[in-house]
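Heads up, the working numbering is the position in the sequence shown plus 2, with the first residue counted as 1.
Just so you know, even glycine gets a beta-carbon here, dropped at the ideal spot from N, CA and C.
From a predicted model like this one, the values you see are computed outputs, not experimental measurements.
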Amino acid sequence: MFPNKKSSKGVKGVFAAKDVERYLEDIMDLERKVKLKDIQIGQLQSQLDSVLKELNGQRKQLSKLDSTIQEQRGSIATLNVQVDELQGKTSALSVEKDDAMDKLKKHEENAAPIDESLKLKADRLERQITELRHTLERRDDQVKRLTEENLKIKDRLKFLKEEG
């Protein structure tokens with residue numbers, strides 16, 4: 003790099019050309035390494051940007067999910083209140099049903115003798131109705147017979163009046 007110069011004077015002393023050349027090569031190696039590290043840093047920065055973008059998306063999703071969970075917790079609390087109310091109503095209705103069943107049993111117990119006596123009365127009335135029908139039929143027959151006899155008598159009277 004330095005033609006025909008065997009040594010170069012520096013601030014503190016004299017350096018040999020080989021040393022300067024070696025230092026320059028070391029500097030160039032370091033610059034290459036720095037450039038490679040810059041490239042790696044750029045790649046890592048790109049990956050980091052991608053990961054940060056994904057992280058922000060995940061945070062948004064998490065926020066939405068958290069919101070949804072809060073809404074659902076509110077809905078669950080409301081449903082629990084409704085369940086408690088319905089359980090209370092169910093208990094009250096169960097008590098009412100038990101009372102109604104007790105009353106029904108008492109009425110059935112009281113109705114059994116009445117029912118039996120009503121059946122006996124109904125049977126008796128049915129027999130009476132059947133007897134009355136038969137009596138009416140007999141009377142109907144008598145009325146028909148008497149009406150026919152009456153007509154015959156009227157015809158005979160008419161005939162007798164005409165002859166006499």
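Coarse secondary structure for residue i, derived from DSSP in three states
{"i": "Ser9", "result": "Interpretation of Ser9 is limited by its pLDDT of 47, a score under 50 that renders its predicted location unreliable; the figure taken from the coordinates is listed afterwards. Strand at Ser9."}
{"i": "Gly166", "result": "coil"}
{"i": "Met3", "result": "Confidence is the limiting factor: at Met3 the pLDDT is only 44, short of 50, which leaves the residue's position unreliable, though a coordinate-based value still follows. Coil, per DSSP."}
Cutoff 7 Å: residue i Cβ touching any chain D Cβ
{"i": "Gln74", "result": "Of the protein chains in the structure, only one exists, and it is not chain D."}
Start-end ranges of the alpha helix (DSSP H) lying completely within the stretch 81-146, minimum 4 residues: Along the length of the stretch 81-146, whole alpha helix (DSSP H) runs at least 4 residues long do not occur.
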